[in-house]
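*Asks:*
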Amino acid sequence: MHLLDWLILVAVLLSIILYGIYKSRSTKNLEGYFLSNRSLPWFLVLMSIMGTQASAITFLTGPGQAYSDGMRFVQYYFGLPLAMIVISIFFVPVYNRLKVYTAYEFLENRFDLKTRTLTSFLFLVSRGLSTGVSIYAPSLILSSIMGWNIYLTNLVMGGVLIIYTMSGGARAVAYTQVLQMVIVFISLFLVGYIAVKLMPANVGFSDAVKVGESFGKMNVITTGFENGSFNWKDKYNIWSGIIGGFFLALSYFGTDHSQVGRYLTARDTRESRKGLLMNGLVKVPMQFFILLLGVLIFVFYYYNKAPIFFDETRAQ
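Just add 76 to the spot in the sequence shown (first one is 1) and you have this note's numbering.
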């Protein structure tokens, strides 16, 4: 990396930390720390929900999925808008009426402390494993490209996350996720633009899409039927996407505190609902574009020689 690259990287990391701390300076009580005093507008709730769901795994494996298997994975998000409607109607009013801090507090009110303790423990274990993978994935890429020690990279990335989360609470997380999502959207656009720009002069965006389609990569809608019969081994089709995606989103957004905690920060039920419903509208085209990047990268390497070695630092 050049000096300018280092300066940009350090500046972005410091900006995220300082911005989160600055925005959370009014946090002075327990409700303010965990729920931002239930004061956030719907668009902050929306960006926080999207920022929580879209981890580094999304942006690393999504294009890779489309590169190898085409666009059909996007069908798994078709059930998400339906789940957002159900959660907005049935879940959100209950959580807000009871003024709970977590989804598992509701289980204690409904059942007993043992149920709350068990579900909280399972959440911490599953979310700890998930977060570990989300940190490890970009660390693996950075250590491979930059030659950094992967353990140190993990510690630095996790440390930055811990600093701004613990120093500012939910408000810091919400505002920093807005900044992160802006950076992500700009980066995604630039990656797509550069991929097309570096193709031969006579190949534009529409030409690249046609090339991808000729290789079966633009398979956005698949029914699962092959030769007149349904292929039960087909993981990604319109039916598994709507049905499986619906229940997956219902459980994740309705009961997982990593998401429930996001819309509990809204100033009222209406703002929570607007954030969730807008997430249902925005998430599908966002995932479509992420997968489309994988198709564009596939076409890019159709015209350009792919790297022989995965880890350049070990190939020298």
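Virtual Cβ for every residue (Gly too), placed ideally from N, Cα, C. Computed from a predicted structure; not experimentally measured.
(1) Quick one: is Ala-342 buried, meaning 16 or more other Cβ sit within 10 Å of its Cβ, or exposed?
(2) Let me confirm a value: Leu-85 is counted as buried when at least 16 other C-beta atoms fall within 10 Å, else exposed. Which label applies?
(3) Just verifying my parser: in three-state terms, what is the DSSP assignment at Leu-85?
(4) Taking His-333 as the reference, which of Ile-161, Glu-181, Thr-191 and Tyr-95 has the closest Cα?
(5) Among residues of its own chain, excluding the 5 on either side of Ile-172, which ones have a beta-carbon nearer than 6 Å to its beta-carbon?
(6) Mind reading off the beta-carbon distance from Lys-359 to Met-126? Whole number of angstroms is fine, and I expect it under 8 Å.
(7) Would you tell me roughly how many angstroms separate the C-alpha atoms of Asp-283 and Phe-291, rounded to the nearest one?
(8) Within 10 Å of its beta-carbon, does Tyr-142 have 16 or more other beta-carbons around it, so buried, or fewer, so exposed?
(9) If you compare alpha carbons, which of Val-170, Gly-304, Ser-220 and Leu-264 is closest to Leu-367?
(10) Have a look at Tyr-240 and Val-88 and give me their C-alpha separation to the nearest angstrom.
(11) Pull up the distance between the alpha-carbon of Gln-392 and that of Thr-229, whole angstroms please.
(12) Output yes or no for whether 8 Å exceeds the beta carbon distance between Trp-118 and Met-275.
(13) Under the three-state reduction of DSSP, which class applies to Phe-154: helix, strand or coil?
(14) Is Arg-390 helix, strand or coil when you go by DSSP?
(15) Apart from the five residues just before and just after Phe-110, which ones in its own chain have a Cβ nearer than 6 Å to its Cβ?
(16) Pull up the DSSP beta-bridge partners for Phe-301, would you.
(17) Pop quiz: Gly-320 and Gly-155 are said to be a contact at Cβ under 8 Å. What is the actual Cβ separation, rounded to whole angstroms?
(18) Specify, as a first and last residue, the run of the alpha helix (DSSP H) that Ala-246 falls within.
(19) By Cβ distance, which residues of its chain are closer than 8 Å to Val-170, with the 5 residues on each side in sequence left out?
(20) Measure the beta-carbon distance from Phe-322 to Ala-159 and round it to whole angstroms, keeping in mind my assumption that it falls under 8 Å.
(21) Who are Leu-116's beta bridge partners in DSSP?
(22) Thinking Leu-123 and Gln-253 are a contact (beta carbons under 8 Å), I'd like their distance in whole angstroms, please.
(23) In whole angstroms, what is the alpha-carbon distance linking Tyr-377 and Lys-286?
(24) Count the other C-beta atoms from every protein chain shown that fall within 10 angstroms of the C-beta of Asn-19, then say buried if there are 16 or more, exposed otherwise.
*Replies:* Let's see:
(1) Residue 342 sits at position 266 when you count from the first residue of the sequence shown. The residue in question, Ala-342, is buried, as its Cβ has 16 or more Cβ neighbours within 10 Å.
(2) Start at 1 with the first residue of the sequence shown, and residue 85 comes out as number 9. Exposed, because fewer than 16 other Cβ atoms sit within 10 Å of the Cβ of Leu-85.
(3) Counting from 1 along the sequence shown, the entry for residue 85 is found at position 9. The answer is helix: DSSP assigns Leu-85 an H, G or I state.
(4) Taking the first residue of the sequence shown as position 1, residue 333 is located at position 257. Out of Ile-161, Glu-181, Thr-191 and Tyr-95, Glu-181 has the C-alpha closest to the C-alpha of His-333.
(5) Residue mapping note: residue 172 aligns to position 96 of the sequence shown, counting from 1. The sequence given here has Asn at residue 172, not Ile. So the list reads Thr-345, once near-sequence residues are dropped.
(6) Position 283 of the sequence shown, counting from 1, holds the residue named residue 359. Position 50 of the sequence shown, counting from 1, holds the residue named residue 126. The C-beta distance from Lys-359 to Met-126 rounds to 7 Å, short enough to meet the 8 Å contact threshold.
(7) By 1-based counting over the sequence shown, the position of residue 283 is 207. By 1-based counting over the sequence shown, the position of residue 291 is 215. One C-alpha to the other measures close to 13 Å.
(8) Along the sequence shown, one-based indexing puts residue 142 at 66. Reading off the sequence, residue 142 comes out as Ala, not Tyr. Its Cβ being crowded by 16 or more others within 10 Å, Ala-142 is buried.
(9) The sequence position of residue 367 within the sequence shown is 291, counting from 1. When each option's Cα is compared against that of Leu-367, the closest is Leu-264.
(10) On the sequence shown, residue 240 is found 164 positions in, with the first residue counted as 1. On the sequence shown, residue 88 is found 12 positions in, with the first residue counted as 1. Between the C-alpha atoms of Tyr-240 and Val-88 there is a straight-line separation of about 13 Å.
(11) Start at 1 with the first residue of the sequence shown, and residue 392 comes out as number 316. Start at 1 with the first residue of the sequence shown, and residue 229 comes out as number 153. Confidence at Gln-392 is low in this model, with a pLDDT of 48, below 50, so the placement of that residue should be treated as unreliable; the coordinate-derived value is given next. One C-alpha to the other measures close to 21 Å.
(12) In the sequence shown, counting from the first residue as 1, residue 118 sits at position 42. In the sequence shown, counting from the first residue as 1, residue 275 sits at position 199. Going by C-beta atoms, Trp-118 is not nearer than 8 Å to Met-275.
(13) Position 78 of the sequence shown, counting from 1, holds the residue named residue 154. Correct three-state label for Phe-154: coil.
(14) Against the sequence shown, residue 390 aligns to sequence position 314. Reliability fails at Arg-390, whose pLDDT of 49 lies under 50, so the model's placement of it is uncertain and no value is given.
(15) Here residue 110 is taken as the residue at index 34 of the sequence shown, counted from 1. Correct list, in chain order: Tyr-177 and Ala-246.
(16) By 1-based counting over the sequence shown, the position of residue 301 is 225. Phe-306.
(17) Within the sequence shown, the letter at position 244 stands for residue 320. Within the sequence shown, the letter at position 79 stands for residue 155. Right, the Cβ-Cβ distance comes to about 7 Å (below 8 Å), so this counts as a contact.
(18) For the purposes of this step, residue 246 is identified with residue 170 of the sequence shown, where counting begins at 1. Residues 226-273.
(19) Locating residue 170 in the sequence shown gives position 94, where the first residue counts as 1. Closer than 8 Å at the Cβ level, and outside the excluded window around Val-170, lie Phe-182.
(20) Translated into the one-based positions of the sequence shown, residue 322 becomes position 246. Translated into the one-based positions of the sequence shown, residue 159 becomes position 83. Yes, Phe-322 and Ala-159 are in contact; Cβ-Cβ is about 5 Å, under 8 Å.
(21) By one-based count along the sequence shown, residue 116 stands at place 40. Answer is Ala-342, bridged to Leu-116.
(22) Your numbering for residue 123 matches position 47 in the sequence shown. Your numbering for residue 253 matches position 177 in the sequence shown. The residue asked about is misnamed: residue 123 is Met in this sequence, not Leu. The pair is a contact, with the Cβ atoms about 6 Å apart (cut-off 8 Å).
(23) As a working mapping, residue 377 is identified with position 301 in the sequence shown. As a working mapping, residue 286 is identified with position 210 in the sequence shown. C-alpha separation (whole angstroms): 15 Å.
(24) The requested residue 19 is not part of the displayed model; the chain covers only 77 to 392.
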